[in-house]
Structures are given as structure tokens and as C-alpha cells.
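Respectively, the protein sequence lines represent chains E and L.
Residues in the first sequence are numbered consecutively from 627, following this note's numbering.
Residues in the second sequence are numbered consecutively from 2, following this note's numbering.
C-beta: ideal position from N, C-alpha, C; glycine also.
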Amino acid sequence: MVLDTSLQVNPFASQGGTLGTIISAIMYLSFILFIFFGQKIQLRMMLWELDGTVKKLEVMRTEAKNLSLKTIKDIGKPKDDPTPTLNSLLEQFLITPVDMDPAGIVWKLDHILDVRDVKFKDDVRRIAPEADEAHLNNLQLLVEASLTLNTIYRVVKHFYLLGKKTSSFYVILQLQMILPIVMQEAEALLGATKAASEGQPIGDGAGALVASKLTRGNEKRKVEKDVVVAETVIEGRRVIALKAEGPGGNVGKPGDAIRRIIEENEGKISMIVMVDAAMKFEGENSGEISEGIGAAIGGPGTEKYKIEQEAQKYKIPVYAMIIKESTQDCYLPMKKEIAESADKVIERIRRLILESTKEGEALIVAGIGNTIGIGQ
Amino acid sequence: MERRPSGTYLYLAILFSFLVLAYSLWVLYSTIASYQEGQIENFYFGIIASFVGMGLAISSLAATRKRIVVLRSMASRTLTTVLCEKCGFKMMRLFSVGDYVHKEIGKCQQCDGIMTITSIYAEEAKKKSR
């Protein structure tokens, strides 16, 4: 069949012209070349494409690093050059606990995350001595976004060079397959660095925005690490709302805060409602709301574990309300439709409270997410 | 998100792609004429050349369209909504560094109430604030 087709599209030879002979020879040659070197040619083309992507990622991480440096100098007013410390921060890593014996691993991981958080913040404070607490949190978020971008660049470059060195088609192929998603995340992270440098609310803060709107004007108190709590009354029910302390970029430790509140109320909590931004499927709209059961909280899982433990211990039902958004929406400045969904979530919470609790009962509403640009 | 990359390169790419597409269509038209005149060699050459040209032009236009979508998303601006809870006077302005939700920013222009930031969000630059 292939031969027949080649004969059909090869009328030049029969014409006897020079052009026909040349084109005919080129066609035969290219056919033979593709038989023997097809995969090599494909590999070269993929490497060429990857080379461009690696260069793009390098530009992005440099842009993020320069923005971090500029913001640190503007806000933190360091006496010495912060570049060496920043470079060291951008290479920082975390070793997770051994999981061969998984018993107690959550608390080990929680401890390591705490140590990492304190160390990271101290390092940022050292290079930005003039920054107040809110700015310090923003700077920490900014450096963390730059660190993630730097890590993405290093990993992609590693596999690109490994594939190039070994001429492994499958290493390159795997990298090329995941690259569009990696690039989307990298673009979003670059957007996050800009949001963090200016203190703009990001999509991930949707849950925190709900909690702050719910208790607007009520007295706040700080519980646990970087978490604030306020009480309000809705339809005769005592609503204890919590969120990370803003307006600096912060997620706090809502698991510890919920445990503390439950203990303060001697377990007499009728339900926990968790509000968080969550991944939407392609084709769905950002800002749509979904309701479900369970602890709506992302991250490494330690906070989720604590909430589930406490809920199980006191037999408290846990409800989840999620505000749908894409991965990019999560990192980028909060979109209008996400900001507007906060009021709709509050209406849904009101309905849920009426349906599932009795007058005089107490419940917890936990606004999960990064509270950058969102005050109490 | 104030980064606004230049669009000159994109416009040049679009223009060039359309030129290639137009030339390819012209070649295709001429090729059909050659076939009717019995010039089979020119016909096959023209068919291959015009399809390659059209393929390249369409691929370039598709890539440019994708790039325009990315640039549009980058050109979003962040708005701050300020509200007086006493008289309901609402104001929208561009976000400025230091703004945050629930920040009290001063007295109301209409009454002696306190103006508070109620919302901060990003929207595409082409949309006009209300």
C-alpha cells in the first residue's frame, strides 16, 4: 500500500525532468532516513522543545528570585547583602520521616514541619530585620514560591540533561508528557510571587475570607499557632469561626486550633464545618460551591489527621464546603467569582446550621487557606 | 500583575502567517489551473508546496492564539472595593500595596462613617469597573 502510494505521488520520474528526479531521490532518502533514524529524529525534536522550556523556566525562576530580593530589600531593609542567604534558602529541602514503621509518623512529620517553619521564618527575619509580622509572613510566602519555582527548574533540568546524556527516549518522553502541567504550575507560582510581594489575596484564601466575613466586627482572640478565633451567633447557635491570622501570608495550624476549641468546650460541639478552596475539574467554573462530608484541608495531611482524630474522639460530624478553583487560581490573585462566592458559602452555612443543629448548640466553622491580604 | 509584554512580535507573527496562508492558497489555485492545462509535474509540486504552507500558517496561527490567551490572563488587574457600612457608599479603585480585606481606610466622603475594604479581587483588564 505504501509502495503504491509512493508510486502514485512519484510522477516526476516518469516525466524525466531534473526536478522530478531530485524530488524523487529526496523522497526515497527521507523514507529510508525515517526508517533507520525516526526515533532519533523525534528525540532531537523533543530535546529541542525541552531545551526551550528549560530556558523559559530558568527565566521564570530568575524573575521570582529577583522579585524576592527586591521586596526583601524594600521592606526588610537589610544592612548586609541578602543574596547569599536567599540563595541558600532557595536550595533548602526537607527530609520526611521514615515510613517503614508508619506508627506515629504524623507527629514526627508535624514536628519536622514545625522545625522547618520556624527555621525558614527566622532565616527570612534575618535578611529582612525591619519587616513587621504581616510583611514577614508575606516575605516567607514569596521566598517559598521562589523556592518551589527553583525546585521545579532544577528537577526539569535534571531529567532533561539525564535524557540528553543517556539519549533515553523514555526519560525524555515522560518529561515531555508532564511538561504542560508543570509549566502551568510554574506560571501560577510566578503569579503568586507577585501577589505575595504586594500582599494581594490569592485564590487559596477563599476559606479564610468566608471565616473573616462571618465574624466581621466580633472580638477576636488568638489560639494556637497563627490562628485567630471569633464567636458569633447565627439563628440562636453559637458559631466559633477560625482562620489563620492575617493579613500576612499564613495558613496557621487549624488542626491544633480545632482541638483546642473542642477541649475548651469539653467536647460539646455539635458540628464542624470546614471551608476550603479545592481543585475543580476541567470544564467546571471557578467559584462554584460543593458540599460534602469530611475534613476539607490540603497540605501534608498532619492537620487533617488531627481534625479527624478529634472529630472521631468526640463523635462530631465534619462537613465540608469547597469553593472550586483550578491550581492556577489557587496561587494567583483571587478572581472576582471566587471573592463573590464567599457570601454564597455563608448562606449555605446558615442553611446547614438550621438543618443540622438545634438552638443553643455550638459549632465550629474553620476557614482554611492562606490568609494573605485578608484581615480579621 | 502589572506585567504587560509587548504585542508587536505577535502582530508581526499573525501578519506573516496570514501572508503565508494567502500565498499557499494562491499556489493551490494556480496548481489546479496547471492540472487543467495538463502540467502534471507542476500540479504535484504545487499541491505539496501549498499544503505544507497552509499547515505551517495554521499551526503558527494556533500557537499565536494560545500565546494571546496567556498574555490576556497575565494582563489582569486587581481591584479594591471600599464600602461605608453606615451609608452604603461604595467605591472601587485599583489595588495599592498595603490594602487588605477589612482594613479601615478613613472617613466616608458622604457621611462620617468609616470606609472599610470589603473585597479585593483580580479581573481581566479589558473589563471596565462598575
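For a Cβ distance threshold of 7 Å, residue set 960, 961, 962 and 965 of chain E lies close to residue 122 (chain L), ordered along the chain. Cβ contact annotation for residue 704 (chain E) (same chain, cutoff 6 Å, sequence separation greater than five): 753, in chain order.
Your pair residue 819 (chain E) and residue 896 (chain E) does not check out as a contact, with CB atoms roughly 42 Å apart and the cut at 8 Å.
The Cβ of residue 104 (chain L) sits closer than 7 Å to at least one Cβ of chain E.
Contact between residue 994 (chain E) and residue 902 (chain E) is confirmed by a C-beta separation of about 4 Å, below the 8 Å threshold. Restricting attention to E:888, E:855, E:691 and E:823, the CA atom closest to the CA of residue 874 (chain E) is found in E:823. With its beta carbon at least 7 Å from every one in chain L, residue 994 (chain E) lies outside the interface.
Excluding residues up to 5 positions away in sequence, 786, 789, 790 and 798 lie with their Cβ nearer than 8 Å to the Cβ of residue 673 (chain E) in the same chain. Residue 900 (chain E) is bridged by DSSP to E:946 and E:992.
With a cutoff of 7 Å on beta-carbon distance, residue 661 (chain E) and residue 827 (chain E) are scored as not near each other. Residue 697 (chain E) places its beta carbon 7 Å or farther from that of residue 767 (chain E). Among the residues facing chain L, residue 873 (chain E) is included, as its CB has a counterpart in that chain under 7 Å away. Excluding the 5 residues flanking it on each side, residue 48 (chain L) has same chain C-beta neighbours closer than 6 Å at 32, in chain order. For the segment 810-829 of chain E, residues whose beta-carbon sits nearer than 7 Å to a beta-carbon of chain L comprise 817, 820, 824, 825, 826 and 827. The beta carbon of residue 801 (chain E) lies closer than 6 Å to those of 785 in the same chain, with the five residues before and after it left out. Residue environment: residue 88 (chain L) is assigned as exposed (fewer than 16 neighbouring CB atoms within 10 Å of its CB, all protein chains considered).
Annotation note: the segment 45-129 of chain L contains the following uninterrupted beta strand (DSSP E) runs of length 3 or greater, listed N- to C-terminal: 77-85, 91-95, 105-108 and 115-125. DSSP, reduced to helix, strand and coil, places residue 858 (chain E) within a strand of the structure shown.
For residue 689 (chain E), the three-state secondary structure derived from DSSP is helix. Relative to the Cα of residue 95 (chain L), the nearest Cα in the group L:80, L:101 and L:65 belongs to L:80.
DSSP places residue 38 (chain L) outside any beta strand (DSSP E), giving it a letter other than H or E. Taking 4 residues as the shortest admissible run, the segment 683-733 of chain E contains the following complete alpha helix (DSSP H) segments, listed from N- to C-terminal end: 709-715. In this chain, residue 756 (chain E) is not harboured by any beta strand (DSSP E), its DSSP state being neither H nor E. Chain order gives the chain E residues near residue 101 (chain L) as 825, 872, 873, 999, 1000 and 1001, where near means a beta carbon separation below 7 Å. Contact between residue 865 (chain E) and residue 840 (chain E) holds, with the beta-carbon distance rounding to 7 Å and staying under 8 Å.
About 6 Å separates the Cβ atoms of residue 83 (chain L) and residue 118 (chain L), confirming a contact at the 8 Å cut-off. Residues of the segment 835-850 of chain E whose Cβ lies closer than 7 Å to any Cβ of chain L, in chain order: 835, 838 and 842. Take residue 810 (chain E), set aside five residues on each side of it, and the residues of its chain with a beta-carbon closer than 8 Å to its own are 953 and 954, in chain order. In the DSSP annotation of this structure, the continuous segment of the alpha helix (DSSP H) that includes residue 883 (chain E) starts and ends at 880-890. Inter-residue distance for residue 689 (chain E) and residue 663 (chain E) is about 39 Å (C-alpha atoms, whole angstroms). Going by C-alpha positions, residue 733 (chain E) is about 29 Å away from residue 846 (chain E). Within the segment 880-892 of chain E, no residue has a Cβ lying closer than 7 Å to any Cβ of chain L.
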